[in-house]
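Enquirer:
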Amino acid sequence: MATGRRRFKTRDVAWSMAVADGRIHASDGPTLFALDAREGGDLWRLSTDAWVYSLKADRGTVVTATRGGGVQGWEASNGQKLWELTGAQTDFESPEAGPVVQDGTVYIWKDARLRALEARTGEERWSYPIGDAASCGGVPVRLAPAADGYVYVSAGSRVLAVDIASGHVRWHFEAPAVFLSAPTFAPGPAVTGGGVYLADYLGTVYALDATDGRDRWRIATESRSSLEPVLVAAGHVHVGSGKGLYTLDAVTGTPKWRFQAGGEIVGAPSVAEGRIHFGSTDHLLYTLKADDGRLRWKLATGGEITGSPVVKDGVVYACSKDRCVYALDAEKGTGTARTS
Numbered sequence: 001m002a003t004g005r006r007r008f009k010t011r012d013v014a015w016s017m018a019v020a021d022g023r024i025h026a027s028d029g030p031t032l033f034a035l036d037a038r039e040g041g042d043l044w045r046l047s048t049d050a051w052v053y054s055l056k057a058d059r060g061t062v063v064t065a066t067r068g069g070g071v072q073g074w075e076a077s078n079g080q081k082l083w084e085l086t087g088a089q090t091d092f093e094s095p096e097a098g099p100v101v102q103d104g105t106v107y108i109w110k111d112a113r114l115r116a117l118e119a120r121t122g123e124e125r126w127s128y129p130i131g132d133a134a135s136c137g138g139v140p141v142r143l144a145p146a147a148d149g150y151v152y153v154s155a156g157s158r159v160l161a162v163d164i165a166s167g168h169v170r171w172h173f174e175a176p177a178v179f180l181s182a183p184t185f186a187p188g189p190a191v192t193g194g195g196v197y198l199a200d201y202l203g204t205v206y207a208l209d210a211t212d213g214r215d216r217w218r219i220a221t222e223s224r225s226s227l228e229p230v231l232v233a234a235g236h237v238h239v240g241s242g243k244g245l246y247t248l249d250a251v252t253g254t255p256k257w258r259f260q261a262g263g264e265i266v267g268a269p270s271v272a273e274g275r276i277h278f279g280s281t282d283h284l285l286y287t288l289k290a291d292d293g294r295l296r297w298k299l300a301t302g303g304e305i306t307g308s309p310v311v312k313d314g315v316v317y318a319c320s321k322d323r324c325v326y327a328l329d330a331e332k333g334t335g336t337a338r339t340s
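Next up, the structure:
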């Protein structure tokens with residue numbers, strides 16, 4: 001069994017991280033920084049006015065969310081601030097509940113409305129009334145833009161498909177319990193596992209038809225109170241909750257396998273090349289075979305893994321509370337170490 005030796009690590013802790021255009025963008029809370037994705041060296045670093053709890057990168061723009069309702073846009077190459085706004089979501093401030101960005105558009109929940117902003121300027125393109133925290137069951141509104149031209153929204157017990165271009169709602173679905181996690185879109189027809197997937201607070205996993213929101217199947221699992229999005233890949237639905245990672249057949253909902261970690265699973269798993277990567281509070285980064293859940297390798301770090309791993313070009317990047325950012329060979333977990 002490989003032990004997951006690192007390609008490099010840096011003496012930086014990151015609560016939220018994104019990898020794009022050869023850079024690792026990350027924040028330790030009061031500091032925002034960019035590292036070279038190959039060697040781990042500093043590219044730029046700056047202090048922020050508030051604690052950064054969420055970070056995304058897209059098309060040369062880094063988008064951050066800070067405690068107290070702030071959202072900022074930054075030039076990815078040098079850290080120049082492009083724009084800033086206040087009054088966004090302040091409930092459930094976590095990396096997974098912050099703004100999302102895709103194809104040059106930022107999506108936020110602000111003043112009871114879903115808002116689409118131009119990523120480079122912060123200018124509003126459209127908005128749609130979603131409701132405030134009370135009308136959404138006291139849980140965060142979660143957003144997931146998808147390649148089919150819609151942003152999928154979970155708001156309390158509702159799921160909505162909103163047209164990315166116009167802000168018009170295509171369909172909505174109502175469940176008996178609230179959703180804490182964002183929807184996940186899988187492309188393709190339903191017969192091959194395409195659709196919209198998410199888990200509610202009680203642990204029921206739903207498969208919805210992406211064209212009309214019809215409930216294709218639902219199945220009760222032990223994944224109660226899951227905050228993380230489900231992961232859909234190669235016809236499987238992966239749901240993390242507590243110490244367990246549960247896998248279902250995407251077409252039928254039939255349980256396939258379950259993996260038990262040594263601690264609580266942290267962040268959403270990442271999948272690439274038939275492998276699933278995720279971290280845990282037991283200080284380990286795990287890599288499993290996606291088809292049967294067998295352990296490929298694991299890396300012991302000096303602290304809890306923070307946030308979701310990122311896989312890019314055969315390298316898996318992960319952060320730990322030992323104040324390190326790790327870059328690992330995704331297939332074998334081996335390589336040479338470099339400490340900056």
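Just so we're aligned: 69 in full-length UniProt numbering is position 69 of the sequence shown, and the numbers increase by one with no gaps anywhere. All C-beta atoms in this analysis are idealised placements derived from N, C-alpha and C, irrespective of residue type, glycine included.
1) Rounded to a whole number of angstroms, what is the C-alpha to C-alpha distance between residue 175 and residue 72?
2) How long is the line joining the alpha carbons of residue 1 and residue 287, rounded to whole angstroms?
3) Pull up the CB-CB distance for residue 104 and residue 58, whole angstroms please, since I reckon it's below 8 Å.
4) Whole-angstrom Cβ separation of residue 210 and residue 194, contact assumed at under 8 Å?
5) Closest by CA to residue 266, which one among 284, 274, 251?
6) Spell out the partners DSSP gives residue 84 in its beta bridges.
7) If you check the beta carbons only, do residue 55 and residue 27 fall under 8 Å apart?
8) If I measure Cβ to Cβ from residue 219 and keep anything under 6 Å in the same chain, skipping five residues before and after, which residues do I get?
9) Buried or exposed, going by whether 16 or more other CB atoms sit within 10 Å of the CB of residue 337?
10) Taking residue 142 as the reference, which of 96, 264, 118 has the closest Cα?
11) Using the Cβ count rule (16 or more neighbours within 10 Å means buried), how would you classify residue 309?
12) Give the range of the beta strand (DSSP E) segment to which residue 158 is assigned.
13) Quick check on residue 191: buried or exposed, where buried means 16 or more other Cβ atoms within 10 Å of its Cβ?
14) Classify residue 48 as helix, strand or coil using the three-state DSSP reduction.
15) Quick check on residue 191: does DSSP put it in helix, strand or coil?
16) For residue 200, count neighbouring Cβ atoms within 10 angstroms of its own Cβ and tell me buried if that reaches 16, exposed if not.
17) Check this for me: beta carbons of residue 261 and residue 280, under 8 Å apart or not?
18) Under a three-way DSSP split, which group does residue 255 fall into?
19) Give every residue of the same chain whose Cβ lies closer than 7 Å to the Cβ of residue 150, excluding the five residues on either side of it in the sequence, and list them in chain order.
20) Would you identify the three-state DSSP class for residue 3, choosing helix, strand or coil?
21) Pull up the distance between the alpha-carbon of residue 215 and that of residue 325, whole angstroms please.
22) Taking the Cβ atom as the reference point for each residue, do residue 128 and residue 167 lie within a distance shorter than 8 Å?
23) I need the DSSP call for residue 145, collapsed to helix, strand or coil.
24) Could you pull the start and end residues of the beta strand (DSSP E) that residue 108 belongs to?
25) Quick check: residue 185 and residue 250, are their CB atoms within less than 8 Å of each other?
26) Helix or strand or just coil, what does DSSP make of residue 97?
27) Would you check if the distance between the CB atom of residue 257 and the CB atom of residue 282 is smaller than 8 Å?
28) From the DSSP output, in three-state form, read off residue 130 for me.
29) State the CB to CB distance for the pair residue 61 and residue 74, rounded to an integer number of angstroms; the pair is presumed to be in contact (CB under 8 Å).
30) Pick helix, strand or coil for residue 136, following the three-state DSSP scheme.
31) Please look up how many angstroms separate the CB atoms of residue 341 and residue 179, rounded, as I've assumed it's under 8 Å.
32) Would you give the residue range spanned by the beta strand (DSSP E) that residue 299 belongs to?
33) Have a look at 319, 277, 307, 18 and flag the residue whose alpha-carbon is nearest the alpha-carbon of residue 341.
34) By DSSP, does residue 19 sit in helix, in strand, or in coil?
35) Helix or strand or just coil, what does DSSP make of residue 178?
36) Using the three-state DSSP reduction, which class does residue 335 fall into: helix, strand or coil?
Expert: From the atom records:
1) Those two C-alpha atoms are separated by around 33 Å.
2) Below a pLDDT of 50, predicted positions are generally treated as unreliable, and residue 1, at 39, falls in that range; the measurement from the model is reported next regardless. If I take the Cα positions, the gap works out to 11 Å.
3) That pair is a contact at about 7 Å.
4) Cβ-Cβ separation between residue 210 and residue 194: approximately 7 Å, consistent with a contact (criterion under 8 Å).
5) 284
6) 72
7) Contact: yes.
8) Here the set comprises 205, 253.
9) Legend: pLDDT at residue 337 = 33, less than 50; position of this residue unreliable, value from coordinates given subsequently. Exposed is the call here.
10) Taking only the C-alpha atoms, the option nearest residue 142 is 96.
11) Its Cβ being crowded by 16 or more others within 10 Å, residue 309 is buried.
12) 158-163
13) By the neighbour-count criterion, in which a residue is buried when 16 or more other Cβ atoms sit within 10 angstroms of its Cβ, residue 191 is exposed.
14) DSSP places residue 48 in coil when its eight states are reduced to three.
15) helix
16) buried
17) yes
18) Note: residue 255 maps to strand in three-state DSSP.
19) Answer for residue 150: 161, 162, 163, 164, 170, listed in chain order.
20) Unreliable positioning characterises residue 3 in this predicted model, as indicated by a pLDDT of 46, which lies under 50. The coordinate reading is nonetheless provided below. Note: residue 3 maps to coil in three-state DSSP.
21) 41 Å
22) Yes; because the gap between Cβ atoms is below 8 Å, this pair is in contact.
23) strand
24) 105-110
25) Not a contact, by the Cβ cut-off of 8 Å.
26) helix
27) When the beta-carbon positions are compared, residue 257 and residue 282 stay at least 8 Å from each other.
28) coil
29) 7 Å
30) coil
31) Nothing can be reported for residue 341, as the shown portion of the chain is limited to 1 through 340.
32) 295-300
33) Nothing about residue 341 can be reported from this structure: the residues present for the chain run from 1 to 340 only.
34) strand
35) Three-state result, residue 178: coil.
36) Residue placement at residue 335 cannot be trusted, given a pLDDT of 47 that sits under 50; what the coordinates show is reported in the next sentence. Coil, per DSSP.
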